[in-house]
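Everything below concerns the one structure shown next.
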Amino acid sequence: MRAVVRAVVEEHPDFTIRNINRELRTRLPQSPAISQTTISGILDVLLVTTKKLEDAPAERNSDGTKQQRHAYATWLMHEVQETEFIFIVEAGINIWTKRTRGRAVRGRRAVRVVQGRRGPNLTMTFAVSNVGGLIYQELTEGGMTGQRFNEFIGTVCRLYHPLNACFVIDNAPAHRQAVNLPLPQNFSVRYLPPYSPFLNICENAFALWKGNIKDSLAEVRDQLLREDHQQRMATLGQLAEQGTAVVTAQNAGRLQGYAGVPASVFRSRRHSHVNQREEKFIDRHSSACKTIFMFRFKYFSSKENKKTVYTEMSSPMTNQYKELEKCIQAPWIQIC
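Per UniProt numbering, residue 1 is the first one in the sequence shown, and the count goes up by one each step.
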């Protein structure tokens with residue numbers, strides 16, 4: 001009975017207890033009817049709780065998308081020793097950029113006073129290298145357009161001169177014409193697989209940057225209330241520029257580790273030694289651990305998270321990653 005209830009919940013996470021009861025009667029017609037209270041108890045035993053539903057596009061883990069991730073992983077591991085990767089992505093902020101959770105005395109709401117006008121968005125664009133960290137950033141008012149993005153790439157080409165580099169970008173509409181740009185011979189363009197933001201280290205860089213912005217805005221919240229709209233926007237722009245200091249060359253390798261490849265693979269271009277802990281990790285988990293799908297390297301290095309993550313991911317470690325194809329088909333990939 002518990003196995004059937006678990007299967008129903010996994011297939012239909014939006015079912016109510018009444019819907020689950022009806023489905024059980026359909027799947028187990030010979031079994032005696034059970035009450036909704038009994039089903040509720042079974043759910044408690046299975047540690048099933050109600051939570052906010054998240055919609056996932058059907059194409060996110062289609063066979064075609066997985067094949068593109070496989071091709072990208074193969075290309076990345078083949079080029080990692082000879083090519084410098086420059087990841088580019090943009091993100092917007094405004095005066096209302098804030099944390100969604102706060103503290104208050106038990107029994108009272110956590111209330112924060114905000115400005116009446118949100119104001120226009122400011123768009124920050126990062127170019128983050130796996131070797132040099134943040135090499136260029138640009139803050140503009142309004143959203144990203146194809147012309148702005150092409151100009152940004154052109155600026156990076158003029159200011160940065162690696163021996164061989166590849167711009168790695170996502171599939172946003174503003175990025176579609178980048179592949180047709182007349183770039184210097186030492187630059188090329190590669191698109192990420194669709195529905196794969198976890199493969200872009202800029203996403204992790206923006207997480208650091210936005211965290212810094214939210215901390216800074218929380219400290220000057222009272223000042224913003226006293227300023228007029230133009231002063232607020234000027235303050236926001238200043239904080240946005242200052243926040244880029246958290247993305248440095250020192251954490252570029254760590255960002256790569258979270259975005260698809262263990263940090264030691266990228267550090268090998270700049271350091272002769274490999275961290276002993278990561279070396280044991282690579283030896284123990286075979287060469288497949290170097291693939292792009294190891295985007296959550298911190299989980300595999302943490303005993304604290306191992307039990308929870310592997311339970312949710314159907315314990316991929318039991319397969320020892322014998323074949324890369326098995327990694328692609330593993331259930332844990334589908335949370336990406």
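Cβ atoms here follow ideal geometry from the backbone N, Cα and C, with glycine treated the same way.
Report buried or exposed for residue i, applying the criterion of at least 16 other Cβ atoms within 10 angstroms of its Cβ.
i           : result
residue 185 : exposed
residue 231 : exposed
residue 142 : exposed
residue 211 : exposed
residue 20  : buried
residue 27  : exposed
residue 234 : exposed
residue 192 : buried
residue 16  : exposed
residue 229 : exposed
residue 204 : buried
residue 226 : exposed
residue 69  : buried
residue 45  : exposed
residue 196 : buried
residue 58  : exposed
residue 56  : exposed
residue 100 : exposed
residue 62  : exposed
Let's see if you can read the secondary structure: which residues bound the alpha helix (DSSP H) around residue i?
i           : result
residue 42  : 36-45
residue 190 : Careful: residue 190 lies outside any alpha helix (DSSP H), inside the beta strand (DSSP E) at 187-191.
residue 230 : 229-243
residue 137 : No alpha helix (DSSP H) contains residue 137, which is instead part of the beta strand (DSSP E) from 133-141.
residue 219 : 201-219
residue 82  : No alpha helix (DSSP H) holds residue 82; DSSP gives it neither H nor E.
residue 100 : Counting along the chain, residue 100 falls outside any alpha helix (DSSP H), and DSSP gives it neither H nor E.
residue 152 : 146-159
Of all the options the options, which has the alpha carbon lying nearest to the alpha carbon of residue i?
i           : options            : result
residue 181 : 224, 34, 149       : 149
residue 102 : 26, 235, 94, 111   : 111
residue 198 : 122, 89, 159       : 89
residue 218 : 171, 189, 97, 196  : 97
residue 144 : 136, 12, 121       : 121
residue 207 : 3, 62, 124         : 124
residue 201 : 126, 187, 179, 224 : 126
residue 138 : 244, 10, 3         : 244
residue 162 : 78, 58, 3, 86      : 86
residue 165 : 203, 80, 242       : 80
residue 24  : 170, 1, 11         : 1
residue 220 : 236, 229, 205      : 236
residue 160 : 170, 140, 174, 133 : 133
residue 118 : 193, 95, 108, 3    : 95
residue 373 : 168, 58, 59        : In the structure displayed, the chain extends from 1 to 336; residue 373 sits before or after that span and is not available.
residue 38  : 5, 10, 65, 63      : 5
residue 147 : 130, 114, 45, 176  : 176
residue 140 : 238, 29, 56        : 238
residue 183 : 172, 158, 174      : 158
residue 47  : 3, 128, 22, 247    : 3
First and last residue of the beta strand (DSSP E) that includes residue i?
i           : result
residue 104 : Taken as a continuous stretch (DSSP letters only), residue 104 belongs to no beta strand (DSSP E), as it is neither H nor E.
residue 126 : 122-129
residue 167 : 165-169
Could you confirm whether any beta carbon from chain C is found closer than 7 Å to the beta carbon of residue i?
i           : result
residue 168 : This model lacks chain C altogether; it includes just one protein chain.
Quick check: is any heavy atom of the ligand NAP less than 6 Å from the C-beta of residue i?
i          : result
residue 67 : The ligand NAP is absent from the structure shown, which contains no ligand whatsoever.
- Message: Please give the ranges of any alpha helix (DSSP H) in the region 4-78, keeping only runs that are unbroken, at least 4 residues long and fully inside the region.
- Response: 17-27, 36-45
- Query: Three or more C-beta pairs closer than 8 Å, one from the region 51-61 and one from the region 27-42: is that the case here?
  - Reply: no
- Task: Examine the Cβ distances between the region 71-82 and the region 152-160 and report whether three or more of them are shorter than 8 Å.
- Result: no
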